[in-house]
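Peer 1: Have a look at this one before I ask anything.
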Ligand SMILES: Cc1cc2nc3c(=O)[nH]c(=O)nc-3n(C[C@H](O)[C@H](O)[C@H](O)COP(=O)(O)O)c2cc1C
């Protein structure tokens, strides 16, 4: 009788151990798959957004693997990735990360594409917590508003007009929502000022070493799921010239 009880205990323990091992294995397997998927999405997002904000530039490198880190008050952060577009080795444009700290609900994260002459090639919002239906028209998926920056520079409009219309500037605000566009306009203007002040150094940043392992610098985290790319990815490299 006692032997039977011991045998039952041993079998039960072994079964429990087996189930625990299987459970742990399944969780680890799912986790590693999810991690790989997240990394893939980040890469896809980075490539898509960087390519978008450098639209129309003639470049022959892969900016996604040609990156450095910079920082300044004007960019809203001190360790932010910048991606470089080159033609025959010369930097012809940069995709700067910038943070607008004064959104309605905190930071609004931006990618700002500027060519070597200081003209904006494109701006995209890469993360925010603004109110759906009020402040989220800054997303390219929700409205065309973000395209109003394309072709602009610090002389177009003049610096004093880099404001929303309500504050005497040239950029539209949204109905019942001025705080969000105001923050974005200010951050884009500040990114242009940063570029102007640091153009020489930015345009002289070195390319990755020949034998370096090419790494991908993912776009800033906190990208809401609904901003993840769904369209087929554009090819890396120079995009066709298009009208502003
Ligand atoms: C619940 C709630 C959420 C809001 N969310 C935003 C927002 O995301 N972005 C924004 O600019 N204004 C938002 N507003 C409105 C601002 O409080 C502010 O009134 C507005 O930006 C000023 O714009 P106006 O001068 O055009 O009225 C929100 C207001 C409320 C009550």
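Residue numbers (the numbering used here): 3 to 246.
Backbone N, C-alpha and C define an ideal beta-carbon position, used for all residues, glycine too.
Computed from a predicted model, the values in this text were never measured in an experiment.
Taking only the alpha-carbon atoms, compute the straight-line gap between residue 165 and residue 61 and give it to the nearest angstrom.
Peer 2: Distance between the alpha carbons of residue 165 and residue 61: 32 Å.
Peer 1: Of the choices 127, 198, 155 and 122, whose alpha-carbon is the least far from that of residue 111?
Peer 2: If we check each option's Cα against that of residue 111, 127 comes out closest.
Peer 1: By the DSSP assignment, the alpha helix (DSSP H) with residue 190 in it spans what residues?
Peer 2: Start and end: 181 to 205.
Peer 1: Residue 209 and residue 88 - do their beta-carbons sit closer together than 8 Å?
Peer 2: In contact: residue 88 and residue 209 (Cβ atoms closer than 8 Å).
Peer 1: For residue 177, count neighbouring C-beta atoms within 10 Å of its own C-beta (all shown protein chains included) and say buried if the count is 16 or more, exposed if not.
Peer 2: Exposed: under 16 other Cβ atoms inside 10 Å.
Peer 1: Could you give the DSSP three-state label for residue 164: helix, strand or coil?
Peer 2: Here residue 164 sits in coil by DSSP.
Peer 1: Answer yes or no: the CB of residue 190 versus the heavy atoms of ligand 1, is any distance below 7 Å?
Peer 2: No, ligand 1 has no heavy atom inside 7 Å of this Cβ.
Peer 1: Excluding five sequence neighbours on each side, which residues of the same chain lie with their C-beta closer than 7 Å to the C-beta of residue 227?
Peer 2: Any reading at residue 227 must be qualified, since the residue scores a pLDDT of 47, below 50, and its modelled position is unreliable; no value is offered.
Peer 1: In this structure, what does DSSP give as the bridge partners for residue 126?
Peer 2: For residue 126, which the question treats as bridged, DSSP gives the partners 113.
Peer 1: Whole angstroms are fine: how far does the CA of residue 138 sit from the CA of residue 181?
Peer 2: So the two alpha carbons sit approximately 11 Å from each other.
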